[in-house]
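FYI, in the working numbering the residues of the sequence shown are 364 to 527.
No residue lacks a Cβ here, since even glycine has one placed at the ideal position from N, Cα and C.
Here's the structure we're looking at; comments come further down.
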Amino acid sequence: MTLKEQIRNDLKNSLKEGNEVSCSVLRFLLASIQSKQTEKQFALSKKGTVPEDKLKEESELNDEETMSAILSDVKKRKDSISAFEKGGRQDLVEKEKNELLVLQKYLPEQLSEEEIKKVAERAIKKIGASSIKEMGKVMAEAMIELKGKADGTLVSKVIKSLLS
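Laid out in structure tokens, this is it:
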């Protein structure tokens with residue numbers, strides 16, 4: 364079962380249970396996934412490398428691309444939470460946190476700060492970085508391994524502390 368199918372099944376179950384928060388989040392997520400799929404289909408049709416009759420099935424998102432859509436929605440929720448906290452809107456902070464919990468069950472287990480540090484150290488060694496000026500290169504190298512497994516903000520913080 365693909366990740367997209369799992370989300371659809373969870374939406375059906377949420378509808379049966381009457382869980383409004385989960386229904387809302389999963390509908391929004393499926394719309395986001397559909398949007399990414401449409402973008403991919405458009406890009407493939409523009410290239411002209413895929414025959415018209417195979418275009419729809421070729422533009423189906425794989426689990427990695429679906430995960431990218433989920434991560435994007437998670438990032439939006441986290442940004443909203445910090446903005447609402449700054450604005451003193453605790454009601455909206457709670458709403459966003461509840462929605463974030465629904466999305467987080469589709470994410471792979473997140474790595475600890477210690478595990479991130481090990482990956483960051485390997486990336487620094489591979490790049491040969493010695494100053495904070497090379498942080499972008501180190502981030503790019505580390506995120507190859509950490510994408511989806513760690514929050515970019517935390518990775519950035521760890522790398523910054525190692526390069527300082």
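Exclusion of the five residues before and after residue 422 leaves 400, 403, 404 and 407 as the residues of its chain whose Cβ lies within less than 7 Å of its Cβ.
For residue 485, the uninterrupted alpha helix (DSSP H) run begins and ends at 476 to 490, by DSSP. DSSP places residue 406 in the helix class (H, G or I) of the three-state scheme. Taking C-beta separations shorter than 8 Å and ignoring five residues to either side along the sequence, the partners of residue 463 in its chain run 437, 440, 441 and 444, following chain order.
By the criterion of a C-beta distance shorter than 6 Å, residue 374 is surrounded in its chain by 389, once the five residues flanking it on both sides are discounted. By the neighbour-count criterion, in which 16 or more other beta carbons inside 10 Å mark a residue as buried, residue 384 falls on the exposed side.
Cβ contact annotation for residue 378 (same chain, cutoff 8 Å, sequence separation greater than five): 386, in chain order. Pairwise C-beta distances place the stretch 453 to 470 out of contact with the stretch 479 to 493, as fewer than three of them are shorter than 8 Å.
In this structure, the alpha-carbon of residue 372 lies about 20 Å from that of residue 461.
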